[in-house]
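These notes concern the structure reproduced below.
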Amino acid sequence: MNCCVQVALRIRPLSDAEMEESATVVAHRVDQQMVVLMDPLEDPEDVLRANRSREKTYMFDVAFDFSNSQEEVYRATTKGLIEGLISGYNATVFAYGPTGCGKTYTMLGTDKEPGIYVRTLNDLFRAIEETSDDMLYSITMSYLEIYNEMIRDLLNPSSGFLDLREDSKGEIQVAGITEVSTINAQEIMELLVKGNRQRTQEPTAANQTSSRSHAVLQVSVRQQSRSRDVLQEVRYARLFMIDLAGSERAAQTQNRGQRLKEGAHINRSLLALGNCINALSDKTGPNMDSKLTRLLKDSLGGNSRTVMIAHISPASSAFEESRNTLAYAHRAKSIRTRVKKNLLNVTYHIAQYTSIISELRGEIQRL
Ligand code: ADP
Ligand code: MG
Numbered sequence: 046m047n048c049c050v051q052v053a054l055r056i057r058p059l060s061d062a063e064m065e066e067s068a069t070v071v072a073h074r075v076d077q078q079m080v081v082l083m084d085p086l087e088d089p090e091d092v093l094r095a096n097r098s099r100e101k102t103y104m105f106d107v108a109f110d111f112s113n114s115q116e117e118v119y120r121a122t123t124k125g126l127i128e129g130l131i132s133g134y135n136a137t138v139f140a141y142g143p144t145g146c147g148k149t150y151t152m153l154g155t156d157k158e159p160g161i162y163v164r165t166l167n168d169l170f171r172a173i174e175e176t177s178d179d180m181l182y183s184i185t186m187s188y189l190e191i192y193n194e195m196i197r198d199l200l201n202p203s204s205g206f207l208d209l210r211e212d213s214k215g216e217i218q219v220a221g222i223t224e225v226s227t228i229n230a231q232e233i234m235e236l237l238v239k240g241n242r243q244r245t246q247e248p249t250a251a252n253q254t255s256s257r258s259h260a261v262l263q264v265s266v267r268q269q270s271r272s273r274d275v276l277q278e279v280r281y282a283r284l285f286m287i288d289l290a291g292s293e294r295a296a297q298t299q300n301r302g303q304r305l306k307e308g309a310h311i312n313r314s315l316l317a318l319g320n321c322i323n324a325l326s327d328k329t330g331p332n333m334d335s336k337l338t339r340l341l342k343d344s345l346g347g348n349s350r351t352v353m354i355a356h357i358s359p360a361s362s363a364f365e366e367s368r369n370t371l372a373y374a375h376r377a378k379s380i381r382t383r384v385k386k387n388l389l390n391v392t393y394h395i396a397q398y399t400s401i402i403s404e405l406r407g408e409i410q411r412l
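The sequence shown maps to residues 46 to 412 in the working numbering.
Below you can see the structure in the form of structure tokens.
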């Protein structure tokens, strides 16, 4: 099955700081799919001289602005992945964009206006309750950050840096990560808010609490029939929900020293992601040169449904960043991924049991 990366664009409301500096609104949602970005250069001559057009329109799968609720964003981007997840399809949701444009708001949200993380987990638990009693499900979640190419467990930061390992089925796992199974929405929100406070955040000129790390919420669904039929299928699927590090350029945040080094790592991850995305659209193998792309091997390698939610500010002062973000997100739209179901056929396990049994028989005979 072929499937495109679904790309959504969200324009957040003008912030108090932007209003104070009397920024004007230059990014508008025209309809459910179209966004227009107006050049803030007032003099048309200046626009011409800068070789820019006065306004540029961009089409996305879906576009949101200040008038859209968290629920609407969730429904149009992520809700549709749950059914697939239960049937064994992997999925990935990325929040992309410069610092301060609403990535964490979309993914984590607030107690009053929870974001995609909590809404997805709630609906996933509900969907599983409604499926037939013949199936046994286990759902676990883990929450980690990738910072300077190092992985930290946000639910247990004292465990130090963790490694990526490939398990016997070729799935990439984070060795030693805390896996939580909980079905209480309130508990999940508390865990995630607490975890989010552990994220590496450093002030930069662009934002007081810019996130220099990628935060990854990983939800795994394992499914097995209750029947004792040994030929049953075991399904395993993962949903990654990722709050990417700010995509702003180093120059804009006046980064120096350590900050610049982090910026380089973040950009390297984003570059790797970009390369992956490009490689996928070229139908060549994904590029594995960063922790993020390794972790997402299957998600980006074609075994997944992928949604990108790009974020911009509407303000004239953010014009350059908005233009970069719109161009990148627009390019991501042309990516196609191949989706395949994860089925661990039990005949594989039977083959293993058969060889164990014959070894045991041999031992008995030798006794
Ligand atoms: P990022 O994670 O991209 O750095 P945040 O999600 O922290 O940005 O958003 C920056 C600020 O803007 C926060 O105070 C957040 O609450 C607010 N904000 C972002 N998006 C929205 C939105 N759609 N509606 C209302 N407030 C928003
Ligand atoms: Mg953030």
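Heads up, the beta-carbon is just placed ideally off N, CA and C, and yes, glycines get one too.
With distances taken between CA atoms, Asn113 lies nearest to His73 out of Thr144, Gln263 and His73. Counting other Cβ atoms within 10 Å of its Cβ, Met234 reaches 16 or more and is therefore classed as buried. Looking at the backbone, the Cα of Ser272 and that of Ser183 are separated by about 16 Å. A heavy atom of the ligand ADP is found nearer than 6 Å to the CB of Arg57. Rounded to the nearest whole angstrom, the CA to CA distance from Thr123 to Ala62 is 31 Å. Ala282 places its beta carbon less than 7 Å from that of Val266.
The distance from the Cβ of Phe109 to that of Val118 is about 6 Å, consistent with a contact at the 8 Å cut-off. Judged by DSSP in its simplified three-state form, Ile217 adopts strand. DSSP assignment within the region 118-155 yields the following whole alpha helix (DSSP H) runs of 4 residues or more, N-terminal first: 126-131 and 148-152.
Sixteen is the threshold: since fewer than 16 other Cβ atoms of the shown chains lie within 10 Å of the Cβ of Leu209, the residue is exposed.
When DSSP reads this structure, Ser183 sits in a beta bridge with Arg267.
For Asn241, the number of other beta carbons within 10 angstroms of its own is at least 16, and it is reported as buried. Per DSSP, Asp61 lies in no beta strand (DSSP E); the unbroken alpha helix (DSSP H) holding it starts and ends at Asp61 to Glu65. The residues Val71 and Glu100, in chain order, have a CB closer than 6 Å to that of Met83 in the same chain once the five nearest residues on each side in sequence are set aside. DSSP, reduced to helix, strand and coil, places Pro202 within a helical segment of the structure shown. A straight line joining the alpha-carbon of Cys146 with that of Phe111 spans about 12 Å.
Counting along the chain, the unbroken alpha helix (DSSP H) around Phe170 starts and ends at Ile161 to Glu175.
By the 16-neighbour rule on beta-carbons within 10 angstroms, Met64 is exposed. Residues of the same chain with a CB within less than 7 Å of the CB of Ile217, apart from the 5 flanking positions on each side, are Leu209, Glu211, Arg339, Leu340 and Lys342 in chain order.
For Gly240, the shortest C-beta to heavy atom distance toward the ligand ADP is 6 Å or greater. The straight-line gap separating the alpha-carbon atoms of Ala53 and Ser187 is approximately 25 Å.
The beta carbon of Thr155 sits no closer than 6 Å to any heavy atom of the ligand MG.
Leaving aside the five residues that flank Leu199 on each side, the residues in its chain whose CB is nearer than 8 Å to its CB run, in chain order, Tyr188, Leu189, Glu190, Gly240, Asn241, Gln243, Arg244 and Ala260. DSSP places Lys239 in the helix class (H, G or I) of the three-state scheme.
With 16 or more other Cβ atoms from the protein chains shown falling within 10 Å of its own Cβ, Lys336 counts as buried. Between Ala372 and Glu174, the alpha-carbon positions lie close to 41 Å from each other. When DSSP states are grouped into helix, strand and coil, Glu194 belongs to the coil group. If you draw a straight line from the Cα of Val264 to the Cα of Gln77, it is about 29 Å long. For Glu365, the enclosing alpha helix (DSSP H) stretches over residues Phe364 to Ala377. Spanning the alpha carbons of Tyr150 and Ser67 requires a straight line of approximately 24 Å.
Taking the CA atoms as reference points, Glu293 sits about 46 Å from Met180. Contact check for Tyr162 against Met353 fails: the beta carbons are separated by 7 Å or more. At least one heavy atom of the ligand ADP lies closer than 6 Å to the C-beta of Gly145. Taking the CA atoms as reference points, Ala136 sits about 12 Å from Thr165. Set against 6 Å, the gap from the CB of Tyr373 to the closest heavy atom of the ligand ADP is not smaller.
In this structure, Gly160 sits away from Gln231, with a CB-CB distance that is not shorter than 7 Å.
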